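Visitor:
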Amino acid sequence: MFHDLFFSKSKSKVPKPCPIALSTRVRLARNLSEFPFPGRAESGQKKAVLSKCMSALGKVKPLQSCTSVELDELSELDRQILVEKHLISLELSQSDESGGVVLSNDRACSVMVNEEDHLRIQVLANGLDFSKVWKLADSLDSGIESSLDYAFDSQLGFLTACPTNLGTGMRASVMMHLPGLVMSKNMDKVINAVNHLGIAVRGLFGEGSDASGSIFQISNQQTLGESESAILERLEMTLENIVQQERLAREKLSEDDGLRLTDKISRAVGSLKTSYLIQSSEAMDHLSLIRLAADFGYLPEKFRALADRMFIEVQPGHVQLSAGKPIEPGERDRLRAETLRKEFLRMPQLNLNAQVD
Amino acid sequence: MKCHHCDSQATVHLTQIINGQMHKMDLCEACAQEKGVTNPDNLSIGNLLDENPSKVDASTASMTCESCGTTHQDFKKGGRLGCEACYHVFRPVLEPLLDGMHAGVKHFGKVPSRSVKKKSDDDSEELLTKELKKAVEEENYEKAAKLRDRLKKLQAKSSASA
Chain A
615 MFHDLFFSKS KSKVPKPCPI ALSTRVRLAR NLSEFPFPGR AESGQKKAVL
665 SKCMSALGKV KPLQSCTSVE LDELSELDRQ ILVEKHLISL ELSQSDESGG
715 VVLSNDRACS VMVNEEDHLR IQVLANGLDF SKVWKLADSL DSGIESSLDY
765 AFDSQLGFLT ACPTNLGTGM RASVMMHLPG LVMSKNMDKV INAVNHLGIA
815 VRGLFGEGSD ASGSIFQISN QQTLGESESA ILERLEMTLE NIVQQERLAR
865 EKLSEDDGLR LTDKISRAVG SLKTSYLIQS SEAMDHLSLI RLAADFGYLP
915 EKFRALADRM FIEVQPGHVQ LSAGKPIEPG ERDRLRAETL RKEFLRMPQL
965 NLNAQVD
Chain B
468 MKCHHCDSQA TVHLTQIING QMHKMDLCEA CAQEKGVTNP DNLSIGNLLD
518 ENPSKVDAST ASMTCESCGT THQDFKKGGR LGCEACYHVF RPVLEPLLDG
568 MHAGVKHFGK VPSRSVKKKS DDDSEELLTK ELKKAVEEEN YEKAAKLRDR
618 LKKLQAKSSA SA
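The listed protein sequences derive, respectively, from chains A and B.
When you line the first sequence up against our numbering, it's residues 615 to 971, in that order.
When you line the second sequence up against our numbering, it's residues 468 to 629, in that order.
1. Can you give the beta carbon distance from MET668/A to SER682/A, rounded, assuming they're within the 8 Å contact cut?
2. Quick one: list the residues of chain A neighbouring CYS535/B, beta-carbon separation under 9 Å, in chain order.
3. Which residue from VAL663/A, ASP755/A and ILE758/A puts its Cα closest to that of GLU711/A?
4. If we cut at 9 Å on Cβ distances, does THR852/A have a partner in chain B?
5. Taking 9 Å as the threshold (C-beta atoms), are SER894/A and SER826/A in contact?
6. DSSP three-state call for PHE649/A: helix, strand or coil?
7. What residues from chain B crowd round GLY794/A, counting only those whose CB sits closer than 7 Å?
8. By DSSP, does ARG641/A sit in helix, in strand, or in coil?
9. If contact is defined by three or more beta carbon pairs under 8 Å, each pair taking one atom from either stretch, is the region 765-776 of chain A in contact with the region 534-554 of chain B?
10. Please check if any C-beta of chain B sits within less than 9 Å of the C-beta of GLU729/A.
11. How do the region 826-838 of chain A and the region 557-573 of chain B stand: do at least 3 beta-carbon pairs fall below 8 Å, yes or no?
12. Which chain B residues sit within Cβ distance under 9 Å of THR953/A?
13. What is the DSSP secondary structure of ALA635/A, reduced to helix, strand or coil?
14. My assumption, with CB atoms under 8 Å, is that ARG654/A sits in contact with THR537/B. Please give the rounded CB distance.
15. Look at MET784/A and LYS887/A and say whether their C-beta atoms are less than 9 Å apart.
16. Does GLN934/A come within less than 9 Å of chain B when only Cβ atoms are used?
17. Select from the region 837-864 of chain A all residues with a C-beta closer than 7 Å to any C-beta belonging to chain B, and list them in chain order.
18. Please tell me whether SER889/A and ARG955/A are closer than 9 Å, where the distance is taken between their beta carbons.
19. Tell me which residue opens and which closes the alpha helix (DSSP H) that ASN806/A is part of.
20. So the alpha helix (DSSP H) ALA844/A belongs to, where does it begin and stop?
21. Please report the straight-line C-alpha distance between GLU842/A and MET898/A, rounded to a whole angstrom.
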């Protein structure tokens with residue numbers, strides 16, 4: 615039953631911007647012809663790839679005002695911060711040599727060098743907007759390709775270190791906030807249904823991360839056999855259905871069990887205002903409820919933005935950065951709670967008479 | 468992150484929703500295997516390879532890419548290839564895998580304008596002929612008629628430009 619919902623095209627268009635979708639990302643995996651992939655390359659070859667790519671990237675228009683960094687120059691903390699901001703991957707942050715990243719000044723584009731593939735071109739935008747993100751990623755890719763020879767095969771498409779990225783090399787994903795589906799115990803059904811459509815559901819930090827804060831990264835699993843636009847269209851259709859399911863779940867929760875929902879939100883508010891020690895996963899679960907309260911109109915809009923900002927600020931690296939010196943995990947929990955108390959001190963009473971959108 | 472059962476580095480992160488409660492567990496590869504934690508929808512190339520033992524016979528076991536030194540064992544273990552040339556060397560073992568992994572086995576997306584010659588007309592003519600033959604075999608005459616028209620058009624175009 616639940617399955618069918620994902621096969622039929624939704625009739626009503628979901629309005630954009632939609633607060634359920636936090637951000638959209640498109641990532642393209644590319645390799646240079648004539649060099650072994652990074653996992654197999656020798657030190658000298660990786661260095662050559664890094665310098666070739668860095669010089670090519672400097673010529674590309676959207677990256678002309680940018681910051682380029684070689685990973686060797688960064689401290690462990692700097693790397694962690696970039697991971698928490700979704701600007702580099704965990705894999706690149708652990709690279710031992712010749713890893714690099716180029717970030718556009720607006721942070722919308724980032725290109726990683728010598729990650730699993732020679733190049734990982736990534737474009738990020740707020741909300742749900744595949745056409746804008748794909749357009750930018752596509753033009754960035756074409757710009758880079760004008761001065762580099764890519765490894766490409768007419769049958770198999772762009773050749774990548776892992777065959778799961780073969781073909782378009784494109785992974786498109788949307789970060790979605792789905793507390794309604796989690797609370798109504800429907801998330802596992804959604805995951806199963808979309809998996810059958812070749813779509814993957816992961817936690818906030820991608821592969822292997824958990825789903826704290828009811829935030830899920832939903833992306834295409836298949837990269838070969840369909841064009842980029844066909845992949846995006848299928849993914850977008852599925853996402854629109856997920857948004858609808860989330861809306862229904864929220865409506866049902868507030869109708870059937872409104873008091874419990876209010877209680878949950880209210881307790882989250884209390885915890886954020888009064889905790890003295892808090893771990894990042896607990897903080898994220900509370901922030902998720904603040905975000906939900908803003909969606910319901912129980913809290914002013916600005917608290918959604920605050921929750922979104924705090925999702926990142928409560929991550930271990932960011933707390934460490936705010937301390938300005940190395941600190942133990944226990945101290946981190948104290949500092950995190952202190953920051954949250956300060957940020958949420960002036961939170962108003964919940965406006966429970968607000969109309970749901 | 469450490470494994471829930473032993474002190475090894477956890478690489479498998481399991482999230483399950485049971486009775487509305489989210490349960491999380493971090494496991495190392497060995498413990499995950501032992502506990503039988505496998506996700507049927509997750510694509511692990513290593514697993515897929517093991518599921519197709521008939522396709523991987525003695526002759527493929529000794530395959531090695533001369534260009535980068537990647538062996539069939541390396542690929543089986545890590546699921547990654549070493550260079551462009553690997554895609555030619557390991558093609559026989561790769562093709563059945565791609566079929567289960569992706570929506571198709573032929574690239575339909577962007578083609579880089581530089582570096583590689585565009586897909587030639589010969590290629591699409593060959594492809595259309597193949598598809599036409601298949602459609603006729605399947606007695607799907609409506610599809611066959613459409614394919615025949617496309618093929619005719621293509622042949623007329625290539626003879627005109629020749």
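All residues carry an ideal CB built from backbone N, CA and C; glycine is no exception.
Note that the structure is predicted; figures quoted are calculated from it, not measured.
Guide: For this structure:
1. For this step, residue 668/A is matched to residue 54 along the first sequence. For this step, residue 682/A is matched to residue 68 along the first sequence. Between SER682/A and MET668/A the Cβ distance is about 6 Å, and since that is below 8 Å, they are a contact.
2. Your numbering for residue 535/B matches position 68 in the second sequence. Going along chain A in sequence order, the residues near CYS535/B (Cβ under 9 Å) are PRO650, PHE651, ARG654 and ALA655.
3. Residue 711/A sits at position 97 when you count from the first residue of the first sequence. Checking every option, the nearest Cα to that of GLU711/A belongs to VAL663/A.
4. By 1-based counting over the first sequence, the position of residue 852/A is 238. Not closer than 9 Å to any Cβ of chain B, the Cβ of THR852/A fails to qualify, so no.
5. For the purposes of this step, residue 826/A is taken as the residue at position 212 of the first sequence. For the purposes of this step, residue 894/A is taken as the residue at position 280 of the first sequence. Cβ atoms of SER826/A and SER894/A: closer than 9 Å.
6. Taking the first sequence and counting its residues from 1, one reaches residue 649/A at position 35. Three-state result, PHE649/A: coil.
7. Residue numbering aside, residue 794/A sits at position 180 when the first sequence is read from its first letter. In chain order: nothing, as chain B lies at least about 12 Å away.
8. Walking along the first sequence from the start, residue 641/A turns up at place 27. In this structure, DSSP gives ARG641/A an extended state, which the three-state scheme calls strand.
9. yes
10. Translated into positions along the first sequence, residue 729/A becomes position 115. With 9 Å as the cut-off, GLU729/A does not count as an interface residue toward chain B.
11. The region 826-838 of chain A, when compared against the region 557-573 of chain B, does touch it at the 8 Å Cβ threshold.
12. The residue given as residue 953/A occupies position 339 in the first sequence. Result: empty, since nearest Cβ-Cβ is about 24 Å, beyond 9 Å.
13. Locating residue 635/A in the first sequence gives position 21, counting from the first residue. Three-state DSSP puts ALA635/A in a strand.
14. Working through the first sequence from its first residue, we reach residue 654/A at position 40. Working through the second sequence from its first residue, we reach residue 537/B at position 70. Cβ-Cβ separation between ARG654/A and THR537/B: approximately 6 Å, consistent with a contact (criterion under 8 Å).
15. The residue you call residue 784/A lines up with position 170 of the first sequence. The residue you call residue 887/A lines up with position 273 of the first sequence. In this structure, LYS887/A does not lie closer than 9 Å to MET784/A by Cβ.
16. By 1-based counting over the first sequence, the position of residue 934/A is 320. Closer than 9 Å: no.
17. THR837, LEU838, GLY839, GLU840, SER841 and GLU842
18. On the first sequence, position 275 is the one that residue 889/A refers to. On the first sequence, position 341 is the one that residue 955/A refers to. If you check the CB distance, SER889/A and ARG955/A come in under 9 Å.
19. Residue 806/A sits at position 192 when you count from the first residue of the first sequence. ASN806/A -> alpha helix (DSSP H) spans 801-809.
20. In the first sequence, the residue the question calls residue 844/A occupies position 230. That run of the alpha helix (DSSP H) goes 842-870.
21. Taking the first sequence and counting its residues from 1, the one referred to as residue 842/A is at position 228. Taking the first sequence and counting its residues from 1, the one referred to as residue 898/A is at position 284. When rounded, the distance between both Cα atoms is 33 Å.
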